[in-house]
Amino acid sequence: DFIASHGKPRTEKAALPARLAKPADIAPLLRGAVAVARGEGRFDRMISDFRTSEAIVDFINSAKIADYAGRGVSTPDLSIRIKTGPMALPAP
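Numbering-wise, my numbering puts 310 at position 91 of the sequence shown, and it's gapless, one number per residue.
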């Protein structure tokens, strides 16, 4: 009701480079960065799922995305502890 009566809050957009890297180009780098070394050249690696929409892009391009990410997750994952929190990185 609040949003319906007051409108959607406007967010300040972050400054982005003219050209951004494609998700397929940075996915291997991110996957390696979050891998857990288990010794003797063995690693536990994560599986990622790339999703996008206009709403997602608007949210992640916010100038305050690092602040939002630092607040933790607000999904059912919070109660079952699958994720510890989102990762906010500068635009590639």
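Heads up, the beta-carbon is just placed ideally off N, CA and C, and yes, glycines get one too.
Take residue i and list the residues in its own chain whose beta-carbon comes closer than 7 Å to its own, dropping the five residues that flank it on each side.
i: R264; result: R250 and A254
i: A285; result: A307
i: P242; result: F269
i: F262; result: A254, V255 and A256
Just verifying my parser: in three-state terms, what is the DSSP assignment at residue i?
i: F278; result: helix
i: R250; result: helix
Kindly identify the DSSP beta-bridge partner or partners of residue i.
i: A256; result: F262
i: K232; result: S281
Of the choices the options, whose alpha-carbon is the least far from that of residue i?
i: A310; options: D268, D244, G289 and R261; result: D244
i: D268; options: L239, P247 and G260; result: P247
i: I266; options: R257, A252 and G260; result: A252
Leaving aside the five residues before and after residue i along the sequence, list all residues of the same chain whose C-beta is less than 6 Å from its C-beta, in chain order.
i: A282; result: E231 and A233
i: P236; result: A310
By Cβ distance below 8 Å, which residues in the same chain neighbour residue i in space, the five residues on each side in sequence not counted?
i: D277; result: T230
At least one CB of chain D closer than 8 Å to the CB of residue i: is that the case?
i: P236; result: This model lacks chain D altogether; it includes just one protein chain.
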